[in-house]
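When you read off a place in the sequence shown, starting at 1, and then add 372, the result is the number in our numbering. A virtual CB, placed ideally from N, CA and C, is assigned to each residue, including glycine. A quick note: this is a predicted structure, and the numbers were derived from the prediction, not measured.
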Amino acid sequence: MDHGTPTFQTNLFGIPIVFDLATCFMIVVTSLIVFFILFFMTRKLSIRPTGKAQVLVEWLMDFVRGIITSNMAWRDGGRFHFLALTLIVFIFAANLIGIPFTFVAPDAEHTLWWKSPTADPTVTLTLAALMIVMTHYYGVKARGFKEYAKDYAKPLPFLVPIKILEEFTYNLTLGLRLYGNIFAGEILLTLLLGLVTSGSVIAAVGGFIPMMVWQGFKTFIGALQAFIFVMLSMVYLSHKVSEDH
Numbered sequence: 373m374d375h376g377t378p379t380f381q382t383n384l385f386g387i388p389i390v391f392d393l394a395t396c397f398m399i400v401v402t403s404l405i406v407f408f409i410l411f412f413m414t415r416k417l418s419i420r421p422t423g424k425a426q427v428l429v430e431w432l433m434d435f436v437r438g439i440i441t442s443n444m445a446w447r448d449g450g451r452f453h454f455l456a457l458t459l460i461v462f463i464f465a466a467n468l469i470g471i472p473f474t475f476v477a478p479d480a481e482h483t484l485w486w487k488s489p490t491a492d493p494t495v496t497l498t499l500a501a502l503m504i505v506m507t508h509y510y511g512v513k514a515r516g517f518k519e520y521a522k523d524y525a526k527p528l529p530f531l532v533p534i535k536i537l538e539e540f541t542y543n544l545t546l547g548l549r550l551y552g553n554i555f556a557g558e559i560l561l562t563l564l565l566g567l568v569t570s571g572s573v574i575a576a577v578g579g580f581i582p583m584m585v586w587q588g589f590k591t592f593i594g595a596l597q598a599f600i601f602v603m604l605s606m607v608y609l610s611h612k613v614s615e616d617h
């Protein structure tokens with residue numbers, strides 16, 4: 373079934389800008405869910421953890437620390453700890469939020485309001501672009517513009533155009549990998565849901581089990597893609613801020 377997309381269009385200096393309202397709404401919902409879950413899990417912190425919530429948060433922080441230290445020294449990467457933690461939790465929640473159900477408005481266009489925000493390439497490519505820009509910022513800040521720029525001419529000066537092109541390919545691969553996996557999962561889940569709700573008992577029974585299996589698999593894929601996004605982001609950062617690279 374084709375779904376409509378709720379949009380809002382405006383002009384900025386004569387340039388038309390279109391906002392996908394469903395995606396904007398889901399980004400806000402995901403952010404609120406992440407904030408309140410982590411807020412309630414860390415309300416009562418103690419030196420010796422007594423609750424499962426604090427143990428889980430500490431494990432997650434250690435896990436993210438391991439991602440960073442596997443790519444750069446902690447003296448260089450420690451400042452990115454909370455950035456990486458925020459990224460992995462937000463992306464994981466954004467990947468999974470479309471799993472439980474979808475909400476399609478009962479209008480003529482069957483407007484889809486509830487979905488994973490990372491199933492939109494605008495969101496994933498924007499996240500990727502922000503990370504790539506951040507790598508350049510911290511690279512210049514850590515090493516100075518002159519030393520940072522010299523890396524583009526190593527080992528041979530004629531490689532400069534290729535290395536500049538690589539920066540754009542990093543953005544595409546980082547963003548499109550996340551988008552492609554989540555979007556494909558959303559499409560298949562929607563098809564299975566349509567099969568279950570088609571009104572046929574045989575189709576409903578035949579589609580229910582695959583839908584449950586696919587939801588479990590999509591949960592794994594969502595976690596894996598969040599890990600890969602953060603891992604690659606830390607790899608790119610390490611190339612810019614670490615003197616060893």
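| field | Residue from Lys513, Arg515, Asp492, Ile536 whose Cα sits closest to the Cα of Tyr524 | value | Start at 1 with the first residue of the sequence shown, and residue 524 comes out as number 152. Ranked by Cα distance from Tyr524, the options Lys513, Arg515, Asp492, Ile536 are led by Ile536.
| Any chance the region 453 to 460 sits against the region 602 to 612, with 3 or more Cβ pairs inside 8 Å? | Judged by Cβ distances under 8 Å, the region 453 to 460 makes contact with the region 602 to 612, as three or more pairs qualify.
| Where Thr498 sits in the DSSP three-state scheme | Position 126 of the sequence shown, counted from the first residue, corresponds to residue 498. Looking at Thr498 - three-state DSSP - the assignment turns out to be helix.
| Member of Thr382, Asp392, Ile469 whose CA lies at the smallest distance from the CA of Ser403 | Along the sequence shown, read from residue 1 onward, the residue named residue 403 stands at position 31. Looking at the Cα atoms, Ile469 is the closest of the given residues.
| query | Which residue from Trp586, Lys522, Gln597, Leu528 puts its Cα closest to that of Gly552? | reply | Mapped onto the sequence shown, residue 552 falls at position 180. Comparing C-alpha distances from Gly552 to each of Trp586, Lys522, Gln597, Leu528 shows the shortest one belongs to Gln597.
| request: From the DSSP output, in three-state form, read off Thr545 for me. | output: Here residue 545 refers to the residue found at position 173 of the sequence shown. It is helical.
| Cα-Cα separation, His508 to Asp434 | The residue given as residue 508 occupies position 136 in the sequence shown. The residue given as residue 434 occupies position 62 in the sequence shown. Answer to the nearest angstrom: the Cα atoms are 26 Å apart.
| request: Answer yes if the region 513 to 520 comes into contact with the region 581 to 590, meaning at least three C-beta pairs across the two stretches below 8 Å, and no otherwise. | output: Judged by pairs of C-beta atoms under 8 Å, the region 581 to 590 does not touch the region 513 to 520, as fewer than three such pairs exist.
| task | Could you check the C-alpha separation between Phe530 and Tyr520 for me, to the nearest Å? | result | Here residue 530 corresponds to residue number 158 of the sequence shown, with the count starting at 1. Here residue 520 corresponds to residue number 148 of the sequence shown, with the count starting at 1. Cα to Cα, Phe530 sits roughly 17 Å from Tyr520.
| Could you give the distance in angstroms between the alpha-carbon of Ala477 and the alpha-carbon of Trp485? | As a first step, residue 477 is located in the sequence shown; it is residue number 105 there, counting from the start. As a first step, residue 485 is located in the sequence shown; it is residue number 113 there, counting from the start. Model confidence at Ala477 stands at a pLDDT of 47, short of 50, so the residue's coordinates are unreliable; what they give is reported in the following sentence. One Cα belongs to Ala477, the other to Trp485, and the distance between them is close to 7 Å.
| query | Cα separation between Thr395 and Leu528? | reply | Working through the sequence shown from its first residue, we reach residue 395 at position 23. Working through the sequence shown from its first residue, we reach residue 528 at position 156. Our two residues, Thr395 and Leu528, have alpha carbons roughly 44 Å apart in a direct line.
| said: Using only the alpha-carbon positions, how far apart do Trp446 and Ile534 sit? | reply: Numbered from its first residue, the sequence shown carries residue 446 at position 74. Numbered from its first residue, the sequence shown carries residue 534 at position 162. Taking the Cα positions, Trp446 is about 30 Å away from Ile534.
| message | Can you find the residues in the same chain that come closer than 7 Å, C-beta to C-beta, to Tyr510, ignoring five residues on each side of it along the sequence? | response | Stepping through the sequence shown from its first residue, residue 510 is reached at position 138. Result list for Tyr510: Leu609, Lys612, Val613, in chain order.
| query | Terminal residues of the continuous beta strand (DSSP E) containing Leu384? | reply | Along the sequence shown, one-based indexing puts residue 384 at 12. For Leu384, the enclosing beta strand (DSSP E) begins and ends at 379 to 384.
| query | Using the rule of at least 16 other Cβ atoms within 10 Å of the residue's Cβ for burial, across every protein chain shown, is Ser488 buried or exposed? | reply | Stepping through the sequence shown from its first residue, residue 488 is reached at position 116. By the 10 Å Cβ count, Ser488 comes out buried.
| 8 Å contact criterion, which Phe464 and Ala595 should meet: CB distance rounded | Within the sequence shown, residue 464 is the residue found at index 92, counting from 1. Within the sequence shown, residue 595 is the residue found at index 223, counting from 1. Their Cβ separation, rounded to whole angstroms, is 6 Å, which keeps Phe464 and Ala595 in contact under 8 Å.
| query | For Thr496, does the count of other Cβ atoms within 10 angstroms reach 16, so buried, or fall short, so exposed? | reply | On the sequence shown, position 124 is the one that residue 496 refers to. With 16 or more other Cβ atoms within 10 Å, it is buried.
| field | Rounded straight-line distance, which links the Cα of Val607 to that of Ile409 | value | Position 37 of the sequence shown, counted from the first residue, corresponds to residue 409. Position 235 of the sequence shown, counted from the first residue, corresponds to residue 607. About 28 Å.
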